[in-house]
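See structure below.
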Amino acid sequence: MTATPQSPGAFNWALILSLGVIWGTAFMSVSTALDGFGPWTVTAGRTTLGAMALLVAGRLMGQGLSQISGGRAWGYSVVIGVGAVALPFGLLSWGLQHVPSAFAGVAMGAVPLLVLPLVAIFSPEEGIGPRRVIGVGLGFVGLLILVGDGAFDRSGRDMEWLGRLACIGAAGCYAVGSVLTRRAPKMPPVAFATATLVAAAAVLIPVALLTEGVPEAWPTLPSLALIYVALLPTGLAGIIRVRVITTAGSLFMSLTSYMVPVWAVIFGITLMGEALPPQLFLALALILAGILLSQWRSLFGR
1 MTATPQSPGA FNWALILSLG VIWGTAFMSV STALDGFGPW TVTAGRTTLG
51 AMALLVAGRL MGQGLSQISG GRAWGYSVVI GVGAVALPFG LLSWGLQHVP
101 SAFAGVAMGA VPLLVLPLVA IFSPEEGIGP RRVIGVGLGF VGLLILVGDG
151 AFDRSGRDME WLGRLACIGA AGCYAVGSVL TRRAPKMPPV AFATATLVAA
201 AAVLIPVALL TEGVPEAWPT LPSLALIYVA LLPTGLAGII RVRVITTAGS
251 LFMSLTSYMV PVWAVIFGIT LMGEALPPQL FLALALILAG ILLSQWRSLF
301 GR
């Protein structure tokens, strides 16, 4: 059966659950990479290595860049690569210098809320009803509880308000990018994801070289973390993201914004020895309830 926004199908459910896990590991991987490299080097490195991996994979799978034909398809690929990959990466890198990381987590969790009006205007076939709106809102409340009030603590830095705007702007970029991906001409998912990463790398490499230069050393653990975040949370996740959005819709895809913080906390507890947040289970219950409510029709058929 063909997947639709009203009936995403079991495979798309499996994909976004996998994506939640993959992106949930990205936080600690990026943190490890930052122990050896500057933020722009990590950002440019993950997009460049991810693009290179997908170029090879696409060629082997018959989904190379030659499969993208026409100026309209290339235009969408470049705009999404620059506006929904390079720009939000840059905004987050800059914003996190001035705000608590918890605030960035809340900002990313706002993506489904930002997607709602965009879908209603530009992608109405996905269907926006009261149940979906309430479900998305409930999931966001769960995210706020998970992150805690530390997200809104003042850092005392002079540029804090601009840092907050940068994080919210990054979330807006992801929301717009999801809708643009949905509206883009039909392209093979690997080729599409590759083109967006190539466009992002073309923007980020000069920025990294101008601000941080070529790394003088390549420490083992940070280098391995950088390779991991390039191959899975950037490269493989890019293919999954394109596939889910083009078949099941941008609103369905945005549900990963609620899954990622949960997995990040779980991995932090199990792998990094972090303390168990007392509010985790309440937050998880609300997030799951929100996802259940927003996807009620696709799960129960009514």
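Quick note on numbering: the sequence shown equals residues 1 to 302 in the numbering used here.
Idealized CB from N, CA, C, for every residue including glycine.
Please return the same chain residues whose Cβ sits closer than 8 angstroms to the Cβ of V179, not counting the five positions on each side in sequence. Taking the sequence shown and counting its residues from 1, the one referred to as residue 179 is at position 179. Only V115, L118, V119, F122, S123 and S250 meet the Cβ criterion.
Given G161 as reference, the closest of A191, G135, P100 and G172 once Cα atoms are compared: Along the sequence shown, one-based indexing puts residue 161 at 161. For the record, residue 161 in the displayed sequence is Trp; it is not Gly. Checking every option, the nearest Cα to that of W161 belongs to P100.
G148 to G163, Cα distance in whole Å? What you label residue 148 is simply residue 148 of the sequence shown in a count that begins at 1. What you label residue 163 is simply residue 163 of the sequence shown in a count that begins at 1. Taking the straight line joining both Cα atoms gives about 19 angstroms.
T4, DSSP secondary structure in three states: By 1-based counting over the sequence shown, the position of residue 4 is 4. Residue state, collapsed to three classes: coil.
Determine the contact status of V203 and V111, defining contact as a CB-CB distance below 7 angstroms. Locating residue 203 in the sequence shown gives position 203, where the first residue counts as 1. Locating residue 111 in the sequence shown gives position 111, where the first residue counts as 1. Contact: no.
Since V30 and V42 should fall inside the 8 angstroms C-beta cutoff, what is the C-beta to C-beta distance between them, to a whole number of angstroms? As a first step, residue 30 must be located in the sequence shown, where it is residue number 30. As a first step, residue 42 must be located in the sequence shown, where it is residue number 42. V30 to V42, Cβ: 6 angstroms. Contact.
Output the distance between the C-alpha atoms of I227 and G172, rounded to the nearest integer angstrom. Mapped onto the sequence shown, residue 227 falls at position 227. Mapped onto the sequence shown, residue 172 falls at position 172. So the alpha carbons of these two residues sit roughly 27 angstroms apart.
I16 to L96 span [Cα, whole Å]: Mapped onto the sequence shown, residue 16 falls at position 16. Mapped onto the sequence shown, residue 96 falls at position 96. Whole-angstrom Cα-Cα distance: 26 angstroms.
For the segment 174 to 193 against the segment 242 to 258, do three or more pairs of beta-carbon atoms, one drawn from each stretch, fall closer than 8 angstroms, so that the two count as touching? yes
According to DSSP, is A184 part of a helix, a strand, or is it coil? Taking the first residue of the sequence shown as position 1, residue 184 is located at position 184. Correct three-state label for A184: coil.
Local Cβ density within 10 Å of P311, reported as buried at 16 or more and exposed below that: Look at the range of the chain in this structure, 1 to 302, and you will see that residue 311 is not part of it.
Once the 5 residues before and after L146 are set aside, which same chain residues still bring their CB inside 8 angstroms of it? Within the sequence shown, the letter at position 146 stands for residue 146. Cβ neighbours of L146 beyond the five flanking positions: P261, V262, V265, P277, Q279, L280, A283, L284 and I287.
Any contact of the segment 215 to 235 with the segment 32 to 41, i.e. 3+ C-beta pairs under 8 angstroms? yes
Please report how far the alpha carbon of V136 lies from the alpha carbon of G290, in whole angstroms. Counted from its first residue, the sequence shown places residue 136 at position 136. Counted from its first residue, the sequence shown places residue 290 at position 290. So the two alpha carbons sit approximately 6 angstroms from each other.
Report all residues from its chain with a CB closer than 7 angstroms to the CB of G62; omit the five preceding and five following residues, and keep chain order. Translated into positions along the sequence shown, residue 62 becomes position 62. For G62, where only same-chain residues beyond five positions count, there are no Cβ hits under 7 angstroms.
I'd like to check one pair, A166 with W218: are the Cβ atoms closer than 7 angstroms? Against the sequence shown, residue 218 aligns to sequence position 218. Against the sequence shown, residue 166 aligns to sequence position 166. Cβ distance not < 7 angstroms, so W218 and A166 don't count as in contact.
Just to confirm the assignment, what range does the alpha helix (DSSP H) spanning I245 have? As a working note, residue 245 is residue 245 in the sequence shown. A237 to A248 is the span of the alpha helix (DSSP H), which, as asked, contains I245.
Distance between P185 and I45 (C-alpha atoms, nearest Å): What you label residue 45 is simply residue 45 of the sequence shown in a count that begins at 1. What you label residue 185 is simply residue 185 of the sequence shown in a count that begins at 1. According to the sequence provided, residue 45 is Gly. The question's Ile does not apply to it. The straight-line gap from Cα to Cα measures roughly 28 angstroms.
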